[in-house]
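Trainee:
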Amino acid sequence: MSTFKFENNVQFDLDVEYEFDNISKVIETTSNDVRVVAITSSKNDEGKSFVSFHVACALAKKGYRCIVLMADMRKTTIKHDKTIMGIVDIINGKAEIDEIIYNTDIEDVDVIFSGATKKNEKLNIDRRVYSVMLKCLKDEYNYIIIDMATLEKTDNDDVFLKEADAGILVIQPNRSSKKRIEKNIKLLEQYNCRVLGAIINNK
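Offset between the sequence shown (1-based) and the working numbering: plus 2.
(1) In whole angstroms, what is the alpha-carbon distance linking residue 51 and residue 202?
(2) May I ask you to report which of helix, strand or coil DSSP gives residue 60?
(3) To the nearest angstrom, how far is the alpha carbon of residue 91 from that of residue 35?
(4) Name the two residues that bound the continuous beta strand (DSSP E) containing residue 149.
(5) Give the list of continuous alpha helix (DSSP H) stretches no shorter than 4 residues that lie fully inside the stretch 87-138.
(6) Put residue 36 into one of helix, strand or coil per three-state DSSP.
(7) Have a look at the DSSP bridge pairing and note the partners of residue 65.
(8) Determine the burial state of residue 160: buried for a count of at least 16 other Cβ atoms within 10 Å of its Cβ, exposed for fewer.
(9) Just tell me which of 199, 143, 71 has its CA closest to the CA of residue 173.
(10) Taking only the alpha-carbon atoms, compute the straight-line gap between residue 128 and residue 93 and give it to the nearest angstrom.
(11) Is it true that the CB of residue 195 sits closer than 9 Å to the CB of residue 157?
(12) For residue 49, write down the residues that DSSP places opposite it in a beta bridge.
(13) If residue 169 sits next to residue 31, beta carbons under 8 Å apart, how far is it from one beta carbon to the other, in whole angstroms?
(14) Terminal residues of the continuous beta strand (DSSP E) containing residue 196?
(15) Answer yes if the stretch 67-75 comes into contact with the stretch 174-185, meaning at least three C-beta pairs across the two stretches below 8 Å, and no otherwise.
(16) With a cut-off of 8 Å on the beta carbons, I'd call residue 186 and residue 44 a contact; round off their distance for me.
(17) In angstroms, rounded to a whole number, what distance separates the CA positions of residue 47 and residue 141?
(18) Are residue 73 and residue 150 touching if we call contact CB-CB under 9 Å?
(19) According to DSSP, what are the bridge partners of residue 29?
(20) From the DSSP output, in three-state form, read off residue 178 for me.
(21) Based on DSSP bridge pairs, tell me the residues matched to residue 189.
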C-alpha cells in the first residue's frame, strides 16, 4: 500500500471540531447498516472534499477505520508528474484494489482517487464492478466516505447514490437556491439514499 501525505495541519476552532464530531455521531448512531456515506452538493466548490476528509477524520478519532473515495470522475490527482490510479482503473480492469489504496498522514484514514480520467470525459461506471469494490472495502473498513461530484454534473449519480447507505448535502451560503437544494434532496431520496442532513460550509 502506497502513502499519500495530505499534510493535514489545519487547526479548527473548538466549535468547528464540535460540529464534525456531531456529524460523526449522526453517522455512527443512525443505523448499523449505514457504512457508505455519499457527500455531495448542488454547485461546484462548496467544500465537498474538505467536508468528506474531515468527517472521515472525526470518525477515525473514535477508533473507526475509514476510507475516502474521491469519486468526482472529472478530476485526477497528479503525484510526481504521474496520474494516480483509482476508481476508474478498477472499473476498467487495469488495477487491483490493493494497488489503488493510499495511506494518509492521518491514522486510520486511507484514500482512493478517481483515477486516470480526462477532463470532462464522460464515464459510465459499471455498477456491478463498483458494488464488488465496495464489498471488498467493507471487509477492511468501518466506514466508506464517498466524495461525489456535484449532483447532476456527471453520468454516474445513480451508481454512487444507489450504492450509498446515506447521503449528506454540503451547502455554501448564497451559492444555491432553496429550490435547487430541495430538488437535490429529492434526488437523493429518489435513489433510496437516506438523507442524513445538510452541512452549511462557511469556508
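Yeah, the Cβ is synthetic: ideal placement off N, Cα and C, and Gly gets one too.
Mentor: Answer, in terms of the structure:
(1) 14 Å
(2) helix
(3) Straight across, the Cα-Cα distance linking residue 91 with residue 35 is about 28 Å.
(4) 145-150
(5) 89-93, 99-102
(6) coil
(7) In DSSP, residue 65 forms no bridge with anything.
(8) exposed
(9) 199
(10) 7 Å
(11) no
(12) Answer is none; residue 49 lacks a bridge partner.
(13) Not confirmed; about 17 Å, so no contact.
(14) 196-202
(15) No, because fewer than three Cβ pairs between the stretch 174-185 and the stretch 67-75 fall closer than 8 Å, the two stretches do not touch.
(16) Confirmed, about 5 Å.
(17) 32 Å
(18) One thing to note: residue 73 has its Cβ within 9 Å of the Cβ of residue 150.
(19) None; residue 29 has no bridge partner.
(20) Coil, per DSSP.
(21) Residue 189 is not bridged to any residue.
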